[in-house]
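Sequential numbering from 17 applies to the sequence shown in this note's numbering.
Glycine included, every Cβ here is placed at the ideal spot set by N, Cα and C.
Computed from a predicted model, the values in this text were never measured in an experiment.
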Amino acid sequence: MGFAYLGALAVSLGGLALLDRRFRLAFWYDARRSAWTVALGVVGFLLWDLAGLALGIFARGDSPHMTGVLLAPELPLEEAFFLTLLCYVGLLLWRWFDVTAAQRAAGRRALAETDDVGRPDDAGGAA
């Protein structure tokens, strides 16, 4: 049994968690909501995978880098970790875009207020 792929997924999830902690985007912002979001995404994708496997659309490929542990026929353990990674990175990107857009909007509002109030009127200004 190989653990290279599972290990790479775990290291990647750890890196995402470090980014999350640093920028407080998801779990360090609202842990309960983030856990529900990732869990619902993973369950949804697992159901999609199971439907695809049942219909013969998907198939498991063999690799010496995978553990060989199956959650269901043709559904490897690594798939759950990959889907967790996929949902987590999607959540982090969404939150980053949301936070960035809010900061830009706040900056534009502050700049507009400064322009309206903080700048002297040059219409009748002295030379």
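With a threshold of 6 Å on Cβ separation, who are the neighbours of residue i within its own chain once the five nearest residues in sequence on each side are excluded?
i, result
"residue 61", "99"
"residue 53", "107"
"residue 70", "none"
"residue 37", "44"
What residues are listed by DSSP as bridge partners for residue i?
i, result
"residue 88", "91"
Quick check: residue i and residue j, are their CB atoms within less than 8 Å of each other?
i, j, result
"residue 32", "residue 66", "no"
"residue 85", "residue 93", "yes"
"residue 19", "residue 83", "yes"
"residue 127", "residue 25", "no"
Report back the beta-carbon spacing between residue i and residue j to the nearest angstrom; my notes put them in contact at under 8 Å.
i, j, result
"residue 103", "residue 57", "4 Å"
"residue 111", "residue 41", "4 Å"
Considering only heavy atoms of the ligand GTP, does any lie closer than 7 Å to the CB of residue i?
i, result
"residue 51", "Among the ligands in the structure shown, none appear at all, so the ligand GTP cannot be discussed."
I need the boundaries of the alpha helix (DSSP H) containing residue i, first residue and last residue.
i, result
"residue 69", "47-70"
"residue 24", "20-39"
Tell me which same chain residues have a C-beta within less than 7 Å of the C-beta of residue i, skipping the five on either side of it?
i, result
"residue 35", "108"
"residue 131", "none"
"residue 88", "66"
In its own chain, which residues sit with a C-beta less than 8 Å from the C-beta of residue i, not counting the 5 before and 5 after it?
i, result
"residue 117", "none"
"residue 74", "65, 68 and 90"
"residue 22", "82, 83, 93, 94 and 97"
"residue 51", "43"
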